[in-house]
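Read through the structure below, which is laid out as structure tokens, and then see the notes.
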Amino acid sequence: MAQSREWTYPGLRGQLVARTWSGSQTPTHLVVIAHGYGEHLGRYEAVADALVRNGAGVYAVDHLGHGKSEGERVLVEDFEDIVTDLHTLDEAARKEHPRLPVVLLGHSMGGLIASRYAQRYGDTLAALVLSSPVIGMWGAASALLAMEEIPDVPLDVTTLSRDPAVGERYAADPLVWHGPFKRTTVASMQRAVEAVNQGPGVGGLPLLWIHGEDDQLVPIEGTRSGIEHLRGGRYVERIYPGGRHELFNETNADEVIADVTEFIRTQLGAR
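Below, the structure written as structure tokens:
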């Protein structure tokens, strides 16, 4: 297992909790992970361990209002601030490992953050991996904002993975947000999606898009338009039949992480 250490740094709107994973060997590259809505970096232990085994040093942060970080739970007023907080993490990683190439991996809401990050700082990245990203057209935002009151309905955990144990662990996790969406957050998420739609593509930055064919939380059809807008000449996609939202927790998770590590290895080798 990879060794990990937890540390903190000041974000724009509060103290943030980060984690670094490392192995016994000096890393050949770095991977920065942006987690999804309502969850936390602790759910990425297995992903980080696999990345470390493949030569990476791995960094992640609990976004503002998530996990162990400060802030009102799941309240995000402006996703540009979250992108800036992630850039601070990236700078800390580079300070510890100068001159190593950096890969950014974002899942779901973290895929939205990573997409906007690539638009702002793409020239500093070696590759971008987007897992079930909230980009393009996310109809849930409009539907939620049209409601007079957003209902306090628990997430259907069966939409996360075909493995029932994943949903059970999610439902029992005290660091996961189990309450309703907050209108301010949904509105700012919608603005961030539009910012990505109106922003530049990633040009020559290598991009891997992975998505489950049966993702009910972030339907693949809505995401595809965002990917088509972002993608440049070095683009790979992997669509998994039957896959639900959390591909790294799916029944074929080994296949998914193998595809990600192979993509990273190929792109770094081409540099």
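With the sequence shown counted from 1, adding 144 to any position gets you the numbering used here.
Beta carbons are placed, not taken as given, at the ideal position from N, Cα and C, and that holds for glycine.
No experiment lies behind these values; they were computed from the predicted model shown.
With a cutoff of 8 Å on beta-carbon distance, Ser305 and Glu390 are scored as near each other. When DSSP reads this structure, Glu150 sits in a beta bridge with Arg163. Assigned with DSSP and collapsed to three states, Val191 falls in helix.
By alpha-carbon distance to Pro385, the top candidate from Ala402, His373, Glu357, Gln411 is Glu357. Ranked by how close their Cα comes to the Cα of Arg313, the residues Gln159, Thr395, Arg187, His173 have Arg187 in first place.
Around the beta-carbon of Gln360, fewer than 16 other beta-carbon atoms lie within 10 Å, marking it exposed.
Here the alpha carbon of Arg238 sits roughly 44 Å from the alpha carbon of Met291. Here Tyr384 is bridged, per DSSP, to Gly356.
A direct Cα-Cα distance of roughly 15 Å separates Val161 from Gly182. Gln411 is a Cβ neighbour of Ala270, given a cutoff of 8 Å.
Rounded to the nearest angstrom, the Cβ distance from Ala204 to His179 is 7 Å, consistent with a contact under 8 Å. Secondary structure at Ser275: strand, using DSSP grouped into helix, strand and coil. In this structure, the beta-carbon distance from Asp193 to Met145 falls below 8 Å. Judged by pairs of C-beta atoms under 8 Å, the segment 327-338 touches the segment 261-281, as three or more such pairs exist. The DSSP-derived three-state label of Gly370 is helix. Under DSSP, Tyr379 takes part in a beta bridge, and its partners are Leu351. Counting along the chain, the unbroken alpha helix (DSSP H) around Val227 starts and ends at 223-240.
Listed in chain order, the non-local C-beta contacts of Gln159 below 6 Å within the same chain comprise Thr152, Glu214, local neighbours out to five positions each way being set aside.
In this structure, Val218 lies near Lys326, with their beta-carbon atoms less than 8 Å apart.
In the three-state reduction of the DSSP assignment, Ala336 falls in the helix class, which pools H, G and I. The beta carbon of Tyr379 sits closer than 6 Å to the beta carbons of Leu351 from its chain, once the five residues preceding and following it are set aside; these are given in chain order. Under the three-state reduction of DSSP, Ile294 is assigned to coil, being neither helix nor strand. A straight line joining the alpha-carbon of Ile294 with that of Thr329 spans about 12 Å. For Tyr203, the pairing in a beta bridge is given by DSSP as Thr164, Val176.
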